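Q:
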Amino acid sequence: MMTRDGGKNRDQIEFTSLDELVPEDHLVRKLENAIDWRFIYERKNSRTMKNPNRPTLSIHGGIPD
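Converting from the sequence shown to our numbering requires adding 86 to each position, the first position being numbered 1.
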């Protein structure tokens with residue numbers, strides 16, 4: 087329900103990062119520290135080299151490289 091002063095805070099912007107949202111003891115952080123994820127980049131690069139004309143998807147959000 088809208089009130090008279092309900093629209094006053096609409097022009098505020100808040101910046102946050104995933105580091106602020108994910109607790110320190112979360113499983114995702116433990117996995118990040120325990121696994122060397124470079125093999126994903128190496129595998130992606132080796133596949134790109136085999137067929138350079140094929141567009142690839144970025145592993146960062148699905149945006150083409």
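All C-beta atoms in this analysis are idealised placements derived from N, C-alpha and C, irrespective of residue type, glycine included.
All of these numbers come straight from a predicted model, not from anything done at the bench.
Helix, strand or coil, according to DSSP, for Val108 in the structure here?
A: coil
Q: Determine the DSSP secondary structure at Glu128, reduced to helix, strand or coil.
A: Reduced to three states, the DSSP call for Glu128 is helix.
Q: Roughly how many angstroms lie between the CA atoms of Glu100 and Glu110, to the nearest whole one?
A: Rounded to whole angstroms, Glu100 to Glu110 spans 21 Å at the Cα level.
Q: For a test of the three-state rule: what should DSSP assign to Arg115, helix, strand or coil?
A: helix
Q: May I have the straight-line CA-CA distance separating Asp122 from Val114, to the nearest angstrom?
A: 13 Å
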